[in-house]
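To start, the structure itself, in structure tokens.
Numbering (the working numbering), first residue to last: -18 to 237.
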């Protein structure tokens, strides 16, 4: 973990404003959504159950991670989580970003909004967005965010006409951000049996006899490794697909 000063985000935002002008806010939000997606994926991967029990564990993780720890975001309260609708309410008192941004006419916690959207996208397994309803910068007592399904969810999550499964799958070159192809899951090469030492008597060696008695020992040892590879590829594909959904959302806003 890297600890940064609170004004780091303000300095970064000011630098982006000089570089890209009014596009700095959505750009910062997009970057933050990627951070949130990775954080949310840790929540998902730590849950080993399925169905309703998995939702209960995820909700407990969200409350514990945000409400019972002090990570510098401010005093956070999460309420009204609805996994079916993909909605939630978040209140942050003393939000670090609002305190650094100073006074404003409109809510402007762009990094926090993007982070929350990315995190809850993984928690809900839906493409969502975080709308900041109130902000300390405008004089409110706390920053309030509403998590709702994104209008681009259909593009990011629905199966394609070719029968793409709704569960995360390895994206194609068009789906992966910045044209990066996700490598396919390839099984590790099978371990070759080393040649047996030459015996002067011509009889089978002890190693040969052991291999004859355990013909499946080599492949059995590789199964856990293959499972880990498959899980890693699935996770990387899911994250890449989720990030692509956020990119399409921000790109659509820019075009509109």
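Quick reminder that beta carbons are idealized off the backbone N, C-alpha and C, glycines included.
Strand pairing of residue i, partner residues [DSSP]
i           : result
residue 128 : 69 and 111
Residue i (DSSP reduced to helix, strand or coil)
i           : result
residue 27  : helix
residue 123 : coil
residue 106 : coil
residue 139 : With a pLDDT of 43 at residue 139, under the threshold of 50, the modelled position of that residue is not reliable, and the figure given next carries that caveat. Residue 139 falls in the coil class under three-state DSSP.
residue 8   : helix
residue 158 : Per-residue confidence for residue 158 stands at a pLDDT of 42, beneath the threshold of 50, marking its modelled position as unreliable; the derived number appears in the next sentence. It is helical.
residue 174 : Its pLDDT being 49, under 50, residue 174 is placed unreliably by the model, and the measurement read from it follows with that caveat. Of the three classes helix, strand and coil, the one that applies to residue 174 here is coil, per DSSP.
Supposed close pair residue i, residue j - CB separation, criterion 8 Å
i           : j          : result
residue 59  : residue 47 : 6 Å
residue 38  : residue 30 : 6 Å
residue 128 : residue 57 : About 13 Å separates the two Cβ atoms, so there is no contact after all.
residue 67  : residue 18 : With a Cβ gap of about 15 Å, residue 67 and residue 18 do not count as contacting.
residue 119 : residue 87 : 7 Å
residue 36  : residue 64 : 5 Å
residue 5   : residue -9 : About 12 Å separates the two Cβ atoms, so there is no contact after all.
residue 111 : residue 94 : 4 Å
residue 91  : residue 22 : Between residue 22 and residue 91 the Cβ distance is about 22 Å, and since that is not below 8 Å, they are no contact.
3 or more residues per run - each beta strand (DSSP E) lying fully within the stretch 30 to 96: As far as the stretch 30 to 96 is concerned, its whole beta strand (DSSP E) runs of at least 3 residues are 56 to 63 and 68 to 74.
Worksheet item: With contact counted as at least three CB pairs below 8 Å, one residue from each stretch, are the stretch 63 to 82 and the stretch -3 to 6 in contact?
Response: Between the stretch 63 to 82 and the stretch -3 to 6, the count of Cβ pairs shorter than 8 Å is below three; the stretches do not touch.
message = Any contact between the stretch 92 to 104 and the stretch 10 to 24? By contact I mean 3 or more CB pairs, one from each, below 8 Å.
response = yes
**Message:** With three or more beta-carbon pairs closer than 8 Å as the criterion, would you say the stretch 120 to 133 touches the stretch 63 to 78?
**Reply:** yes
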